[in-house]
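Residue numbers (the numbering used here), protein chains in the order written: chain Z, 156 to 357; chain E, 156 to 357. Each residue gets a CB set at the ideal place from its N, CA and C atoms; glycine is no exception. Please read these numbers as outputs of a predicted model, since none were measured by experiment. Reading through the structure tokens given below for one structure.
2 protein chains.
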Amino acid sequence: MARWEPGAPQRLQQAALELFATRGFEQTTAMEIAQSAGLTERTFFRHFSDKREVLFHGQRVLVEAFVAGVESAPPDASPIDIVASALRSAASFFPDERRSHSRARQSVIDQNSALQEREQHKLAGLATAVADALRARGVDDLAAALAAESGITVFALAFAQWIREHEQRSLDEIAAEVLGELVTLTGKATAHRATSAERTDG
Amino acid sequence: MARWEPGAPQRLQQAALELFATRGFEQTTAMEIAQSAGLTERTFFRHFSDKREVLFHGQRVLVEAFVAGVESAPPDASPIDIVASALRSAASFFPDERRSHSRARQSVIDQNSALQEREQHKLAGLATAVADALRARGVDDLAAALAAESGITVFALAFAQWIREHEQRSLDEIAAEVLGELVTLTGKATAHRATSAERTDG
Numbered sequence: 156m157a158r159w160e161p162g163a164p165q166r167l168q169q170a171a172l173e174l175f176a177t178r179g180f181e182q183t184t185a186m187e188i189a190q191s192a193g194l195t196e197r198t199f200f201r202h203f204s205d206k207r208e209v210l211f212h213g214q215r216v217l218v219e220a221f222v223a224g225v226e227s228a229p230p231d232a233s234p235i236d237i238v239a240s241a242l243r244s245a246a247s248f249f250p251d252e253r254r255s256h257s258r259a260r261q262s263v264i265d266q267n268s269a270l271q272e273r274e275q276h277k278l279a280g281l282a283t284a285v286a287d288a289l290r291a292r293g294v295d296d297l298a299a300a301l302a303a304e305s306g307i308t309v310f311a312l313a314f315a316q317w318i319r320e321h322e323q324r325s326l327d328e329i330a331a332e333v334l335g336e337l338v339t340l341t342g343k344a345t346a347h348r349a350t351s352a353e354r355t356d357g
Numbered sequence: 156m157a158r159w160e161p162g163a164p165q166r167l168q169q170a171a172l173e174l175f176a177t178r179g180f181e182q183t184t185a186m187e188i189a190q191s192a193g194l195t196e197r198t199f200f201r202h203f204s205d206k207r208e209v210l211f212h213g214q215r216v217l218v219e220a221f222v223a224g225v226e227s228a229p230p231d232a233s234p235i236d237i238v239a240s241a242l243r244s245a246a247s248f249f250p251d252e253r254r255s256h257s258r259a260r261q262s263v264i265d266q267n268s269a270l271q272e273r274e275q276h277k278l279a280g281l282a283t284a285v286a287d288a289l290r291a292r293g294v295d296d297l298a299a300a301l302a303a304e305s306g307i308t309v310f311a312l313a314f315a316q317w318i319r320e321h322e323q324r325s326l327d328e329i330a331a332e333v334l335g336e337l338v339t340l341t342g343k344a345t346a347h348r349a350t351s352a353e354r355t356d357g
């Protein structure tokens, strides 16, 4: 009987990332990950339903961080300011000491299209959770969806920048800049075209 | 030898949607789709690599519509106005007579998580193509990515509204409104927080 291992998920994640990086995701089995971590296959499956889930284990905590950020924003905050609060909360989940882990994880995902689809699905799930939390604060449907999707876009782009080689800034700092860039960008729309009759092309 | 069938892809798509809707995506085979369309399985596989692709066949044309809209925007257009042009171009790909087809397709996708992942992957590919087209116009990396992702978000939300029951407005009209809402929303950001030192919470 394998006894409960403190830190087993972290050890399995670390071992999995190393094996995925050196021999490839497809070529690595759950058994090999467990052995490499000095654990049993049974322990592996107590923590993860399959080897793919090792890569997506942080999802629930990340969703919670986003939602906590939505909930803790001041009562009179606009939807976009609530999203800024959610981004700060999510960024605190990725301190700089996690950067190399995140970088290794991403490079595994980048090499496998099924994992990329999974990643996009997880991001979509994140957007849904944030939109739901915004609606729970009384933000209307469309604004909630737009603000949530924008927040996830900012997060994903900031995250990609954060794990780039030689990047030194914190995720929080990068996310704030990317959000600022989005605000600047959309501020340059020439018209809110209400009806096509009002439109003048060119 | 099956001869070439004009309109075969459309007939196969129509037959597939009907079968997916009545007996479920998983329970339908390529052979059954072909038979239902009065075609051979061989003809099916000349047009589609598998039954899943029947649902995603329009992707290439949609990408082209988006990119054409980016390219045809005036030379001095801002990134967000270029995206507005891309949305108008993409919307023209979905005239009202296509609405019931799009609605049927979406209800098949909504019932299958693997198809949802595929759909999200396709939307991500669309964003990448739009971002590339923006970069080709000289828009910088981050602005191109943000504008493209925002455009796809607006498109996806407008599309979901367009296929809602009793919705009468055109996709073009809805997309313009959703984009206007995004502009309004981001305009309510209280600060472009440049550094955390400058930030005042609350």
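Outcome for residue i when other beta-carbon atoms lying within 10 angstroms are tallied against a minimum of 16
i: E:His276; result: buried
i: E:Asp327; result: buried
i: Z:Ile188; result: buried
i: E:Gly342; result: exposed
i: E:Ser255; result: exposed
i: E:Ala245; result: buried
i: Z:Gly306; result: buried
i: Z:Thr184; result: exposed
i: E:Ala311; result: buried
i: E:Ser204; result: exposed
i: E:Ser233; result: buried
i: E:His200; result: The question names His, yet the displayed sequence has Phe at residue 200 of chain E. Per the 10 Å Cβ criterion, exposed.
i: Z:Ala192; result: buried
i: E:Gln168; result: buried
i: Z:Ser268; result: exposed
i: Z:Ala279; result: buried
i: Z:Glu353; result: Its pLDDT being 43, under 50, Z:Glu353 is placed unreliably in this model, and the value from its coordinates should be taken loosely. Per the 10 Å Cβ criterion, exposed.
i: Z:Thr198; result: buried
i: E:Ser240; result: buried
i: Z:Ala303; result: buried
i: Z:Gly228; result: Sequence inspection shows Ala at residue 228 of chain Z; the Gly mentioned does not correspond to that position. It is buried - the Cβ of Z:Ala228 has at least 16 other Cβ atoms within 10 Å.
i: Z:Met156; result: For Z:Met156, the predicted structure reports a pLDDT of 49, less than 50, and the residue's modelled location is therefore unreliable. The matter cannot be settled from this model.
Distance CB(residue i)-CB(residue j) smaller than 8 Å
i: Z:Val285; j: Z:Val216; result: no
i: E:Leu281; j: E:Val218; result: yes
i: Z:Leu242; j: E:Ala298; result: no
i: E:Arg166; j: E:Arg207; result: no
i: E:Ile235; j: Z:Ala344; result: yes
i: E:Val333; j: E:Ala313; result: yes
i: Z:Ser336; j: E:Leu194; result: The displayed chain sequence assigns Glu, not Ser, to residue 336 of chain Z. No.
i: Z:Ala288; j: Z:Val309; result: no
i: E:Ala163; j: E:His212; result: no
i: Z:Ala220; j: Z:Phe180; result: no
i: E:Ser325; j: E:Asp231; result: no
i: E:Ala176; j: E:Ala259; result: yes
Listed by chain order, chain Z residues near residue i by CB distance under 9 Å
i: E:Thr275; result: The question names Thr, but residue 275 of chain E is Gln in the sequence shown. Under the 9 Å cutoff, chain Z gives Glu272, Gln275, His276, Leu278 and Ala279.
i: E:Leu312; result: Leu297, Ala300, Leu301 and Glu304
i: E:Ala163; result: Per Cβ cutoff of 9 Å: no residues; E:Ala163 is ~28 Å from chain Z at best.
i: E:Thr177; result: Going along chain Z, no residue has its Cβ under 9 Å from E:Thr177, so there is no contact; the nearest lies around 27 Å.
i: E:Ala241; result: Those within 9 Å of E:Ala241 in chain Z number zero; the least Cβ separation is about 13 Å.
Per-residue contacts from residue i into chain Z (C-beta, under 7 Å)
i: E:Pro234; result: Leu340
i: E:Ala223; result: In chain order: nothing, as chain Z lies at least about 15 Å away.
Beta-carbon neighbours of residue i, restricted to chain Z and to distances below 8 Å
i: E:Leu337; result: Leu301, Ser305 and Thr341
i: E:Val333; result: Leu297 and Leu301
i: E:Thr283; result: Correct list: empty, because the minimum Cβ distance to chain Z is about 11 Å.
i: E:Ala245; result: Within 8 Å Cβ-Cβ: nothing; E:Ala245 doesn't reach chain Z, min ~15 Å.
Cross-chain neighbours of residue i in chain E, by beta carbon under 8 Å
i: Z:Leu194; result: Simply none; closest approach about 30 Å.
i: Z:Ala170; result: Residues of chain E passing the Cβ test: none, with the nearest at roughly 27 Å.
i: Z:Ala291; result: By Cβ distance, chain E contributes nothing, its closest Cβ being about 18 Å from Z:Ala291, past 8 Å.
Chain E contact residues for residue i, given Cβ-Cβ distances below 7 Å
i: Z:Thr184; result: The premise fails here: Z:Thr184 is roughly 23 Å from chain E at the closest Cβ pair, so nothing lies under 7 Å.
i: Z:Thr198; result: Those within 7 Å of Z:Thr198 in chain E number zero; the least Cβ separation is about 28 Å.
i: Z:Ala288; result: What Z:Ala288 touches in chain E: nothing, since even the nearest Cβ is about 16 Å away.
Distance cut-off 7 Å: residue i Cβ against heavy atoms of the ligand MN
i: E:Arg258; result: No copy of the ligand MN appears in this structure; indeed no ligand is present at all.
The stretch 249 to 265 of chain Z in contact with the stretch 166 to 176 of chain Z per 3-pair CB rule at 8 Å: Segments in contact, yes.
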